[in-house]
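Trainee: Let me begin by handing over the structure; questions about it come next.
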Amino acid sequence: MKKIAVFTSGGDAPGMNACIRAVVRTAIFKGLEVYGISYGYDGMIQGNIKKMQSHSVSNIIQRGGTILKSARSEDFMTKEGRKKAYEQLIQYGIEGIVAIGGDGTFRGAKVFFEEYGIPTIGCPGTIDNDIYGTDYTIGFDTAVNTALEAIDKIRDTAAAHDRIFFIEVMGRDSGYIALECGIGGGAEFVMIPETETDLKRIVKSLKNLRKTKSSSIIVVAEGDEEGTADIIMNKVKEKVNDPDKEFKVTTLGHIQRGGNPTARDRVLASRCGMSAVEGLINGESNCMAGVVNGDVVYTPFEDCIGKTKALKADHLKLIEILSI
Ligand code: ATP
Numbered sequence: 218m219k220k221i222a223v224f225t226s227g228g229d230a231p232g233m234n235a236c237i238r239a240v241v242r243t244a245i246f247k248g249l250e251v252y253g254i255s256y257g258y259d260g261m262i263q264g265n266i267k268k269m270q271s272h273s274v275s276n277i278i279q280r281g282g283t284i285l286k287s288a289r290s291e292d293f294m295t296k297e298g299r300k301k302a303y304e305q306l307i308q309y310g311i312e313g314i315v316a317i318g319g320d321g322t323f324r325g326a327k328v329f330f331e332e333y334g335i336p337t338i339g340c341p342g343t344i345d346n347d348i349y350g351t352d353y354t355i356g357f358d359t360a361v362n363t364a365l366e367a368i369d370k371i372r373d374t375a376a377a378h379d380r381i382f383f384i385e386v387m388g389r390d391s392g393y394i395a396l397e398c399g400i401g402g403g404a405e406f407v408m409i410p411e412t413e414t415d416l417k418r419i420v421k422s423l424k425n426l427r428k429t430k431s432s433s434i435i436v437v438a439e440g441d442e443e444g445t446a447d448i449i450m451n452k453v454k455e456k457v458n459d460p461d462k463e464f465k466v467t468t469l470g471h472i473q474r475g476g477n478p479t480a481r482d483r484v485l486a487s488r489c490g491m492s493a494v495e496g497l498i499n500g501e502s503n504c505m506a507g508v509v510n511g512d513v514v515y516t517p518f519e520d521c522i523g524k525t526k527a528l529k530a531d532h533l534k535l536i537e538i539l540s541i
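The working numbering puts the first residue of the sequence shown at 218, with every later residue one more than the last.
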């Protein structure tokens with residue numbers, strides 16, 4: 218293998234840059250030429266491909282976002298789109314690919330590998346942490362800490378005015394962010410898509426709030442089956458039916474995607490990036506380089522996208538016990 222390419226795809230995540238840096242520098246260290254594809258699969262189709270040098274990734278390890286930009290590509294979902302992408306890669310002589318992204322990115326990589334056979338390894342770059350085959354995904358730790366910082370600030374005003382705050386965090390299909398920042402932020406309740414939300418219990422608890430605590434923090438994952446934080450707040454407010462209680466909603470939104478990656482994300486990203494290149498050199502393919510129990514593990518794309526990483530049961534119990 219002489220030439221490889223790297224790209225970022227799907228939702229951006231802090232630490233993607235650290236991962237790109239690791240891929241580029243490991244490739245050069247091992248004597249490979251490395252190309253950066255801008256704008257994910259769209260860039261692959263359009264031939265937005267440039268050779269990278271060691272200095273191309275200088276001074277990026279600490280930056281959020283991705284210097285290679287990211288995109289969601291409709292064209293890559295079609296056979297014609299993928300054929301164009303293959304033709305572009307062949308023109309550049311690309312013999313191996315590192316795809317940094319989430320489960321959608323790996324779905325695309327798997328289809329592409331099955332059609333054209335270019336060895337591909339993924340790195341788990343998504344704030345959602347919902348990928349089987351790695352304990353944590355790149356960007357998750359930073360997103361949780363960003364949300365936590367905001368929750369701490371909201372808690373001050375919640376306490377000062379005896380307010381009940383519903384705080385919406387990211388997670389369309391996954392409650393990992395909500396659960397970790399709920400535990401870290403001392404939330405009374407966490408609502409996540411994976412478990413049924415018991416609104417009756419929440420209403421009952423809030424009705425009795427004055428007897429125990431005067432304010433309350435409730436963390437809602439955006440994909441909860443009861444709706445967004447706004448919708449849930451209105452349902453609960455109506456049922457609590459107490460004009461003395463003040464309800465507020467804060468949606469944290471895209472701030473969770475930005476900012477300097479934490480040390481944990483930088484180290485994880487660097488390990489995954491280096492292992493992806495080493496894996497390609499050693500003949501691994503159609504799989505993701507992740508970290509499980511402290512060790513690098515290559516998991517087939519099929520499992521990364523087909524298997525569910527179960528939430529830790531003790532995490533759910535923690536919220537219930539520690540919020541009394
Ligand atoms: P995040 O989890 O942060 O949203 P992601 O990688 O899951 O990241 P997606 O938008 O789901 O983000 O996927 C990224 C891109 O992968 C899609 O825009 C599409 O181009 C490609 N892709 C996804 N699924 C397929 C598929 N079945 N076939 C071909 N390409 C796909």
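Think of the CB as a built atom: it goes at the ideal place given N, C-alpha and C, for glycine as much as any other residue.
In this text, all values refer to a predicted model and were calculated from it rather than measured experimentally.
What is the residue span of the beta strand (DSSP E) that Ile-245 lies within?
Mentor: Careful: Ile-245 lies outside any beta strand (DSSP E), inside the alpha helix (DSSP H) at 233-246.
Trainee: Does the beta carbon of Ser-432 fall short of 7 Å from some heavy atom of ligand 1?
Mentor: no
Trainee: Answer yes or no: the CB of Asp-622 versus the heavy atoms of ligand 1, is any distance below 7 Å?
Mentor: Look at the range of the chain in this structure, 218 to 541, and you will see that residue 622 is not part of it.
Trainee: Give the straight-line distance between the Cα atoms of His-272 and Thr-516, rounded to the nearest whole angstrom.
Mentor: 31 Å
Trainee: Just mark Pro-460 as buried or exposed, buried being the case when its beta carbon has 16 or more other beta carbons within 10 Å.
Mentor: exposed
Trainee: Is it right to say Val-509 is buried, meaning 16 or more other beta carbons lie within 10 angstroms of its own, or is it exposed?
Mentor: exposed
Trainee: Is Glu-413 helix, strand or coil when you go by DSSP?
Mentor: coil
Trainee: Pull up the distance between the alpha-carbon of Asp-292 and that of Gly-257, whole angstroms please.
Mentor: 11 Å
Trainee: If you drop the 5 nearest sequence neighbours on each side, which residues of the same chain put their C-beta closer than 7 Å to that of Arg-481?
Mentor: Asp-358
Trainee: Report the partner residues of Tyr-256 according to the DSSP bridge assignment.
Mentor: Secondary-structure assignment with DSSP links Tyr-256 through no beta bridge to anything.
Trainee: For Tyr-515, which residues does DSSP report across the bridge?
Mentor: Ala-506
Trainee: Under the DSSP definition of a beta bridge, which residues are partnered with Val-251?
Mentor: Ile-221, Met-269
Trainee: So which of Arg-324, Ile-472, Val-407, Cys-504 has the shortest CA-CA distance to His-532?
Mentor: It is Val-407.
Trainee: Nearest-angstrom Cα distance between Tyr-393 and Cys-236?
Mentor: 22 Å
Trainee: Rounded to a whole number of angstroms, what is the C-alpha to C-alpha distance between Ile-449 and Ile-371?
Mentor: Taking the straight line joining both Cα atoms gives about 18 Å.
Trainee: Taking Met-491 and Pro-341 to be in contact with their CB atoms under 8 Å, please state how far apart those CB atoms are, rounded to whole angstroms.
Mentor: Actually they do not touch by this definition, with Cβ atoms about 14 Å apart.
Trainee: Please identify the residue among Ile-335, Pro-231, Ser-287 whose C-alpha is closest to the C-alpha of Ile-355.
Mentor: When only C-alpha atoms are compared, the closest one is Pro-231.
Trainee: Give the residues whose C-beta lies closer than 6 Å to at least one heavy atom of ligand 1, in chain order.
Mentor: Having a Cβ closer than 6 Å to some heavy atom of ligand 1 are Ser-226, Gly-227, Gly-228, Tyr-258, Arg-289, Ser-290, Phe-293, Met-294, Gly-318, Gly-319, Asp-320, Gly-321, Thr-322, Arg-324, Gly-325, Val-328, Thr-343, Asp-345.
Trainee: How is Glu-439 classed by DSSP in three states: helix, strand or coil?
Mentor: coil
Trainee: Does the segment 438-449 come within contact of the segment 375-395, defined as at least 3 CB pairs closer than 8 Å?
Mentor: With three or more CB-CB distances shorter than 8 Å, the segment 438-449 counts as touching the segment 375-395.
Trainee: What does DSSP give as the partner residues of Gly-339 in its beta bridges?
Mentor: Ala-316, Met-505
Trainee: What's the C-alpha gap between Asn-458 and Asn-451?
Mentor: 10 Å
Trainee: Using DSSP with H/G/I as helix, E/B as strand and the rest coil, what is Lys-208?
Mentor: Residue 208 is absent from the structure shown; the chain starts at 218 and stops at 541.
Trainee: Whose C-alpha, out of Lys-247, Lys-267, Gly-350, Gly-248, is nearest the C-alpha of Ile-254?
Mentor: Lys-267
Trainee: In its own chain, which residues sit with a C-beta less than 8 Å from the C-beta of Thr-343, not counting the 5 before and 5 after it?
Mentor: Excluding sequence neighbours, Thr-343 sits near Gly-227, Gly-228, Ala-230, Gly-318, Gly-319, Asp-320, Thr-354, Ile-355, Gly-356, Phe-357.
Trainee: List the endpoints of the continuous beta strand (DSSP E) containing Ile-384.
Mentor: Counting along the chain, the beta strand (DSSP E) containing Ile-384 begins and ends at 380-386.
Trainee: In terms of residues, what are the limits of the beta strand (DSSP E) holding Met-491?
Mentor: Looking at the DSSP string, Met-491 is not in any beta strand (DSSP E); the run it does join, the alpha helix (DSSP H), is 480-498.
Trainee: To the nearest angstrom, how far is the alpha carbon of Pro-336 from that of Val-436?
Mentor: 41 Å
Trainee: Buried or exposed: which applies to Phe-224, given that a residue is buried once 16 or more other Cβ atoms fall within 10 Å of its Cβ?
Mentor: buried
Trainee: Quick one: what's Val-407 bridged to in DSSP?
Mentor: In the DSSP assignment, Val-407 is bridged to Val-436.
Trainee: Report yes if the C-beta of Gly-264 is less than 7 Å from at least one heavy atom of ligand 2; otherwise report no.
Mentor: In the structure shown, ligand 2 is absent; the only ligands present are ligand 1.
Trainee: Applying the 10 Å Cβ sphere with the 16-neighbour rule, what's the burial state of Thr-425?
Mentor: At residue 425 the sequence reads Asn, which differs from the Thr that was named. Asn-425 counts as exposed, since fewer than 16 other C-beta atoms from the protein chains shown sit within 10 angstroms of its C-beta.
Trainee: If you drop the 5 nearest sequence neighbours on each side, which residues of the same chain put their C-beta closer than 6 Å to that of Gly-313?
Mentor: Met-218, Ile-221, Pro-336, Leu-497
Trainee: So which of Ile-400, Gly-248, Asn-499 has the shortest CA-CA distance to Ser-540?
Mentor: Ile-400
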